[in-house]
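Engineer: Just so we're aligned, residue 76 is where the sequence shown starts under the working numbering, counting upward by one.
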Amino acid sequence: MAEPRFFCDDHLWRLARWLRAAGIDTAWERAIEDGLLVERARAEERTVLTLDRGIAARRNVDVRLLPSHDPVEQLRFLCEAYGLDPLARAFTRCPMCNGVLTEAAPDQVEVPERVRSCCDRFWQCDGCGRTYWHGDHVRHMRARFETIRGGDAGRPPGPTSPERPSRPAR
Ligand SMILES: [Zn+2]
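So this is what it looks like as structure tokens:
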């Protein structure tokens, strides 16, 4: 199955950041109008992610209605539904703009001294130019990704078998 590409609706900016941190190609635009969101998603062949039943009811685009308001639970649901490993491409995309990160030489980046003393590898976003390093925030996210990949471990028991993803007929 081809790697899914997503378009998060206006409210799902936190999920968009988590998906991008997991290296999954995810678009999001602030205050985008529903009609335009659907149009963009169709044009870019992305699956719309939403908590809005009105958007989910649209027939002219591939849509996923999410079962939870919690971004980590949303990510877990998508990893299960699409068979995604959140660690496979983790930290290869910019959480802010979805750009691709490329490793940069330490002397090419501007970072605070405290960062330079703890980290020796740096990445730069080809979209917005932000510099990233693997500090506490990355360790925290990696731990969440490991929990998600661990599947049922650490999750309360319950009937949670997501249906397989469906694709619209073309
Ligand atoms: Zn960026």
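Here a beta-carbon is modelled for each residue, glycine too, at the ideal position from N, C-alpha and C.
Going along the chain, which residues put their C-beta within less than 6 Å of some heavy atom in ligand 1?
Structural biologist: C169, M171, C172, G174, C200, G202, C203 and R205
Engineer: In chain order, what are the residue ranges of uninterrupted beta strand (DSSP E) at least 3 long that sit wholly in the region 91 to 137?
Structural biologist: Segments of the beta strand (DSSP E) lying fully in the region 91 to 137: 101 to 103 and 122 to 125.
Engineer: Please report how far the alpha carbon of T222 lies from the alpha carbon of R191, in whole angstroms.
Structural biologist: Taking the straight line from one Cα to the other gives about 29 Å.
Engineer: Count the other C-beta atoms from every protein chain shown that fall within 10 angstroms of the C-beta of D160, then say buried if there are 16 or more, exposed otherwise.
Structural biologist: exposed
Engineer: Tell me, please, which residues DSSP counts as bridged to W198.
Structural biologist: E178 and Y207
Engineer: Is there contact between the region 169 to 186 and the region 86 to 95, where contact requires at least three CB pairs shorter than 8 Å?
Structural biologist: yes
Engineer: How about G210 and G174: do their beta carbons lie closer than 7 Å?
Structural biologist: no
Engineer: Among the candidates V147, A179 and A156, whose CA atom is the shortest distance from the CA of F220?
Structural biologist: Closest option to F220, Cα to Cα, is V147.
Engineer: What's the C-alpha gap between T235 and S143?
Structural biologist: The predicted model places T235 with a pLDDT of 44, which falls under 50 and marks its position as unreliable, so this point remains unresolved.
Engineer: In whole angstroms, what is the alpha-carbon distance linking G129 and A77?
Structural biologist: 27 Å
Engineer: What span of residues does the beta strand (DSSP E) with C83 cover, start to end?
Structural biologist: F81 to C83
Engineer: Whole angstroms is fine: what's the gap from R151's alpha carbon to A218's?
Structural biologist: Between R151 and A218, the C-alpha separation is close to 13 Å.
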